[in-house]
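Participant: Below you will find the structure I want to go over with you.
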Amino acid sequence: MKSSDITITASDGGTIPSYLSAPSEGQGAGIVVIPTILGGEPYMRSFADRLAGEGFVAVLPDMFWRDEDSGVLDHDEHGFKRAHGRNGRSDIEQGMKDLADVIGALKARSDCNGKIAVIGFCFGGAHALLGAARLGIDAGISFHGSHVANHLDEIDGIICPLSFHYGDNDAVAPMEEISRIRAAFETLESAEVYIYPGAIHGYMQPWRGENGYDEAAENASWDRALKVLKSI
68 MKSSDITITA SDGGTIPSYL SAPSEGQGAG IVVIPTILGG EPYMRSFADR
118 LAGEGFVAVL PDMFWRDEDS GVLDHDEHGF KRAHGRNGRS DIEQGMKDLA
168 DVIGALKARS DCNGKIAVIG FCFGGAHALL GAARLGIDAG ISFHGSHVAN
218 HLDEIDGIIC PLSFHYGDND AVAPMEEISR IRAAFETLES AEVYIYPGAI
268 HGYMQPWRGE NGYDEAAENA SWDRALKVLK SI
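Everything in the sequence shown is counted per the numbering used here, starting at 68 for the first residue and increasing by one.
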C-alpha cells in the first residue's frame, strides 16, 4: 500500500488538498471518501487505508478547502463548534463541482480502472446520493448521512447500487427522515437502507468510544459496503 498527501486542481482554479491511499501495484476502482464535518482526521485516513488494503484507490478530499476555516478539526467542543460553523457556510452545489473534479483526477490515474464509488460520512451522504444522480458514478455509499432526504427529488434514473446505513437513534438523521429515504429507495433497482438498532449518529467512528461507537454496527456496515464495492 502507498499513501501520500496530494493536491487536485479545481476547474475554477485553486487546489483541493487530499489524501491518497492506493495498492502498491495493479489497478482498482476509485473511491472518493467524503469525510465528516471535522475533515480528514486520523480515522478518515485509516478508512481510506482500509479501502486501499482491499485493492481500491481511495481519495479523501478536503471538502471545506474553500472555507476560511479549512483543514482538520479536533474532536472537542471547540472543534465541533467550528465544524458546524463551516458546515452551515458550505454550498452543496459548489461541493458537487469539486467532487466532479476529484472524480476526474481519480479516473485519470493509471492505477484506477475507471470505476468510481463515492462514500459519504455524515454531511457527505448528500454527495454520495447526488454523485449517483448527477455524475454517473458506479456506486454510492453513506454512513449516517445527513440532509440526504433534501435531495430525493433527484433519484429518478439512478441505476447504480446505493447502500446507505443509519442508526435508529440518530438525532441528526431521525427515523422519520430515514423512513422517507427508505421509501424513496424502494423505487430504485439496487438501493438499500440498513438500520442498526441503538446506534447513534457517528456510530462508525472508534474515537467516540462509549459515547457513540458501535463496533457491531460498524462491522456490519463495512461488510455490506465492501460487498457493493467488490461488485462494481
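Here a beta-carbon is modelled for each residue, glycine too, at the ideal position from N, C-alpha and C.
Distance check for Leu173 and Lys182, CA to CA, integer angstroms please.
Facilitator: Counted from its first residue, the sequence shown places residue 182 at position 115. Counted from its first residue, the sequence shown places residue 173 at position 106. So the alpha carbons of these two residues sit roughly 10 Å apart.
Participant: Hey, quick one: how far does the beta strand (DSSP E) through Val100 stretch, first residue to last?
Facilitator: As a working mapping, residue 100 is identified with position 33 in the sequence shown. Looking at the DSSP string, the run of the beta strand (DSSP E) that includes Val100 is Gly95 to Ile101.
Participant: Distance, Cα to Cα, Phe231 vs Phe114?
Facilitator: Counting from one through the sequence shown, the residue named residue 231 turns up at place 164. Counting from one through the sequence shown, the residue named residue 114 turns up at place 47. Computed Cα separation, rounded: 17 Å.
Participant: Could you pull out every unbroken alpha helix (DSSP H) segment of at least 4 residues lying fully inside the region 218–293, listed in chain order?
Facilitator: Runs found: 242–252.
Participant: Confirm, please, whether the CB-CB distance from Phe210 to Thr103 is below 7 Å.
Facilitator: Against the sequence shown, residue 103 aligns to sequence position 36. Against the sequence shown, residue 210 aligns to sequence position 143. Not in contact: Thr103 and Phe210 (Cβ atoms no closer than 7 Å).
Participant: DSSP on Pro84, reduced to helix/strand/coil?
Facilitator: As a position in the sequence shown, residue 84 is number 17, starting the count at 1. Residue state, collapsed to three classes: strand.
Participant: So, at 6 Å on beta carbons, what are the nonlocal neighbours of Phe252 in its own chain, with the 5 sequence-adjacent residues on each side left out?
Facilitator: Within the sequence shown, numbered from 1, the residue matching residue 252 stands at position 185. Here the set comprises Ala258 and Val260.
Participant: Taking 8 Å as the threshold, find out whether the region 105–120 comes into contact with the region 234–251 through three or more Cβ pairs.
Facilitator: The region 105–120 is not in contact with the region 234–251.
Participant: Any idea what DSSP makes of Phe147, helix, strand or coil?
Facilitator: Residue mapping note: residue 147 aligns to position 80 of the sequence shown, counting from 1. In this structure, Phe147 counts as helix in the three-state DSSP scheme.
Participant: Using the C-alpha atoms, what's the distance from Asp205 back to Gly93?
Facilitator: As a first step, residue 93 must be located in the sequence shown, where it is residue number 26. As a first step, residue 205 must be located in the sequence shown, where it is residue number 138. Near 20 Å, if we compare the C-alpha coordinates of Asp205 and Gly93.
Participant: According to the Cβ coordinates, are Gly207 and Ala216 closer than 7 Å?
Facilitator: The count along the sequence shown starts at 1 and reaches residue 207 at position 140. The count along the sequence shown starts at 1 and reaches residue 216 at position 149. In this structure, Ala216 does not lie closer than 7 Å to Gly207 by Cβ.
Participant: I'd like the list of long-range same chain contacts for Asp72, defined as Cβ closer than 8 Å, with 5 residues on each side in sequence excluded.
Facilitator: The count along the sequence shown starts at 1 and reaches residue 72 at position 5. Hits under 8 Å: Pro84, Ser85, Tyr86 and Leu87.
Participant: Using the Cα positions of Leu197 and Leu118, report the straight-line distance between them to the nearest angstrom.
Facilitator: The residue you call residue 197 lines up with position 130 of the sequence shown. The residue you call residue 118 lines up with position 51 of the sequence shown. Cα to Cα, Leu197 sits roughly 22 Å from Leu118.
Participant: What are the start and end residues of each continuous beta strand (DSSP E) run of 3 or more residues lying completely inside the region 146–207, in chain order?
Facilitator: If we require 3 residues or more, the beta strand (DSSP E) runs fully inside the region 146–207 come out as 179–188.
Participant: Take the Cβ of His145 as the centre, count every other Cβ of all protein chains shown within 10 Å, and call the residue buried at 16 or more, exposed below.
Facilitator: By 1-based counting over the sequence shown, the position of residue 145 is 78. Answer is exposed; the Cβ neighbour count stays below 16.
Participant: Mapping the DSSP letters down to three states, classify Ala77 as helix, strand or coil.
Facilitator: On the sequence shown, residue 77 is found 10 positions in, with the first residue counted as 1. Three-state result, Ala77: coil.
Participant: List the whole-angstrom C-beta distance separating Gly95 from Val124, where the pair is believed to meet the contact cut-off of C-beta under 8 Å.
Facilitator: Position 28 of the sequence shown holds residue 95. Position 57 of the sequence shown holds residue 124. About 5 Å separates the two Cβ atoms, so the contact holds.
Participant: Thinking Ile186 and Val100 are a contact (beta carbons under 8 Å), I'd like their distance in whole angstroms, please.
Facilitator: Taking the sequence shown and counting its residues from 1, the one referred to as residue 186 is at position 119. Taking the sequence shown and counting its residues from 1, the one referred to as residue 100 is at position 33. About 5 Å; that satisfies the 8 Å criterion.
Participant: Taking just the CA atoms, how far does Leu296 sit from Leu140?
Facilitator: Reading the sequence shown from its first residue, position 73 is the one you call residue 140. Reading the sequence shown from its first residue, position 229 is the one you call residue 296. Their backbone Cα atoms lie some 29 Å apart in a straight line.
Participant: With DSSP as the reference, label Pro90 as helix, strand or coil.
Facilitator: Sequence index remark: in the sequence shown, residue 90 carries index 23 (1-based). Reduced to three states, the DSSP call for Pro90 is coil.
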